[in-house]
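Notes follow the structure.
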Amino acid sequence: MTEQINDQISAFIDDELSAEESALLVRRFEREPNVRARALRYTMIGAALRGELLQPHSSMLRRRITAALDGAVTTTERLAAPRGSARYARPLLGLGIAAAVAVAAIGTLRLVNEAGVAPNGAIGGTVLARDQVVAPSYVVPQDATPAGPVTSPIRLTNYLIHHSEYASGLGRASVSSNVVGATVEPMPTQAEDTELQWH
Amino acid sequence: MRSTEQRLTEQAQRHPAGSGAADLALIKRVQQGDRSAFDLLVIKYQHKIVKLIMRYVRDSSEALDVAQEAFLKAYRAAPSFRGESAFYTWLYRIAINTAKNHLVAIGRKPISYDLDTQDPEQSSILNQLRDLDTPEGLAQSEEMRSIINRVIHGLPEELRTAILLREIEGMSYEEIAQTMECPVGTVRSRIFRAREAIDKAIGPLL
């Protein structure tokens, strides 16, 4: 690169080159990267003198604009992206963890299901033990007691609500506690109900 | 009816040096699809545009984002540039509008449209803006600035005055020639020689 060209570059960045000279130099800029690099350095000198240097690097904005015009990702995104094998390591690790969790979940579910169908009700009963037991088609409960009075759940509810009056100020203050907490008549049993209907 | 290209060519031919001829030559190439010509415009104006945008946004990385957007808008709008104003004036308007739109988009008011360095309160804002720069970047800039200052002080008086009048005061070659009472060609040569000396000194840093 001759001194004459450098002098033209200097005048060009100051916008002091004639139209003809500018047109010729612009063509040279296209062909010779050195000419372009010198223009960049000259503008940097001016920027440094005026305290306008770009951070962190003077060519960063230029590279980002070029990348954006190319339709590619920006330099920052490129720098932020992991490189080489590390780029794929993270998704693969995630995939591995997901697969391991899925296998563990399937295994646990299978075990729970198997335990649920085992006749002795023991959780974790083996498949072999289950197969060895001959399941009866239907078993009538021998010690089955008749269903308790209908009042039982109501008594339980009353107990809980009355208890909450002493146990918790919040429970006592609540509307439902005051309403339901009042003395509740036991509901008639099925037999009593039938009698009432006949009357 | 004349095309935009013809009009720009005529304007560039009419333009003497120092009145946008170089920019017109570049924008004409951009309109013909020459991306490298646009790259030269970015090289030429990126520092000024980022400095301008820094008046509106709070940190340098945000300013870079807005500047990038402004340059991309300018590139897309380049076919409509008719050369009725100087390229930099046109770019300046795009940059300011982009910065304002950015502030509206993020729901923030501009810091100030014109910060006055004489006002202590505003001067403190400017100092805060500078403080947001990265330490590495500041260290590199500081090193470069100190080398450049050293070289400038070592230059012959006429070279030093010429480059400072141009870069700091923003004078045209014609104005510098009048100030220094010498031909315009001499001013051009002095500025070039000053730049060459600085370029050699900062070469290892780049």
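From first to last, the protein sequence lines are chains A and B. The first sequence begins at 1 in this note's numbering and counts up one residue at a time. The second sequence begins at 1001 in this note's numbering and counts up one residue at a time. Note that CB positions come from ideal geometry on N, CA and C, so glycine has one too.
Roughly how many whole angstroms lie between the Cα atoms of residue i and residue j?
| i | j | result |
| --- | --- | --- |
| Leu109/A | Ala99/A | 15 Å |
| Val35/A | Val26/A | 10 Å |
| Thr1179/B | Arg1035/B | 38 Å |
| Arg1190/B | Val1104/B | 46 Å |
| Leu1155/B | Thr1161/B | 9 Å |
| Ala1021/B | Gly46/A | 20 Å |
| Arg1082/B | Gln1031/B | 10 Å |
| Arg1029/B | Arg38/A | 20 Å |
| Ser22/A | Asp1059/B | 36 Å |
| Ile1198/B | Gly94/A | 53 Å |
| Val1057/B | Ala1194/B | 34 Å |
| Val1151/B | Ala1201/B | 7 Å |
| Leu61/A | Glu16/A | 25 Å |
| Gly71/A | Phe1038/B | 16 Å |
| Glu1143/B | Thr1186/B | 31 Å |
| Pro5/A | Ala19/A | Reading off the sequence, residue 5/A comes out as Ile, not Pro. Each residue's Cα considered, the two are about 15 Å apart. |
| Ile1163/B | Leu92/A | 58 Å |
| Ile1147/B | Ile1043/B | 22 Å |
| Ile97/A | Glu114/A | 26 Å |
| Met200/A | Ile1106/B | The question about residue 200/A has no answer, for chain A in this structure spans 1 to 199. |
| Asn1149/B | Glu1157/B | 14 Å |
| Arg64/A | Glu1196/B | 28 Å |
| Ser1080/B | Leu53/A | 30 Å |
| Pro1204/B | Glu1175/B | 34 Å |
| Ala1070/B | Ala102/A | 49 Å |
| Cys1182/B | Glu1062/B | 44 Å |
| Leu1165/B | Val1050/B | 22 Å |
| Asp1119/B | His1047/B | At Asp1119/B the pLDDT is 44, less than 50, meaning the model places this residue with poor confidence and gives no usable figure here. |
| Ser1141/B | Leu1040/B | 22 Å |
| Leu24/A | Thr66/A | 23 Å |
| Gln8/A | Val1066/B | 32 Å |
| Phe29/A | Phe1087/B | 19 Å |
| Arg31/A | Thr2/A | 15 Å |
| Arg1145/B | Ala1139/B | 10 Å |
Output the boundary residues of the alpha helix (DSSP H) element that contains residue i.
| i | result |
| --- | --- |
| Met60/A | 60 to 69 |
| Gln1046/B | 1035 to 1053 |
| Ala1086/B | Element bounds for Ala1086/B: n/a, residue is neither H nor E. |
| Leu1026/B | 1021 to 1031 |
| Thr43/A | 33 to 50 |
| Arg1058/B | Element bounds for Arg1058/B: n/a, residue is neither H nor E. |
| Ile1202/B | 1184 to 1202 |
| Ser18/A | Where Ser18/A is concerned, there is no enclosing alpha helix (DSSP H), given that its DSSP letter is neither H nor E. |
| Thr1179/B | 1173 to 1180 |
| Leu54/A | Per DSSP, Leu54/A belongs to no alpha helix (DSSP H) and is neither H nor E. |
| Leu1155/B | Careful: Leu1155/B lies outside any alpha helix (DSSP H) and carries neither H nor E. |
Please name the residue in the options whose C-alpha comes closest to that of residue i.
| i | options | result |
| --- | --- | --- |
| Arg41/A | Ser22/A, Ser10/A, Arg31/A | Ser10/A |
| Gly1033/B | Asn6/A, Leu69/A, Pro33/A | Leu69/A |
| Ala48/A | Ile1168/B, Glu1069/B, Ala1177/B | Ile1168/B |
| Thr1089/B | Thr1186/B, Leu1024/B, Met1144/B, Ala1037/B | Leu1024/B |
| Val50/A | Gly1170/B, Asp1065/B, Ala1070/B | Inspection of the sequence shows that residue 50/A is occupied by Arg rather than by Val. Taking only the C-alpha atoms, the option nearest Arg50/A is Gly1170/B. |
| Asn1101/B | Phe1087/B, Val1042/B, Ile1053/B | Ile1053/B |
| Ser1085/B | Glu1062/B, Ile1027/B, Ser1141/B, Lys1044/B | Ile1027/B |
| Phe1192/B | Leu1159/B, Leu1165/B, Cys1182/B | Leu1159/B |
| Ala1099/B | Gln1068/B, Ala1078/B, Ser1080/B | Gln1068/B |
| Phe12/A | Tyr1173/B, Glu1062/B, Ile1049/B | Tyr1173/B |
Run down chain C in chain order and give the residues with a C-beta less than 7 Å from the C-beta of residue i.
| i | result |
| --- | --- |
| Leu1026/B | This model lacks chain C altogether, as its protein chains are A and B. |
So, does the region 1074 to 1081 of chain B touch the region 1090 to 1101 of chain B, judging by three or more C-beta pairs under 8 Å? yes
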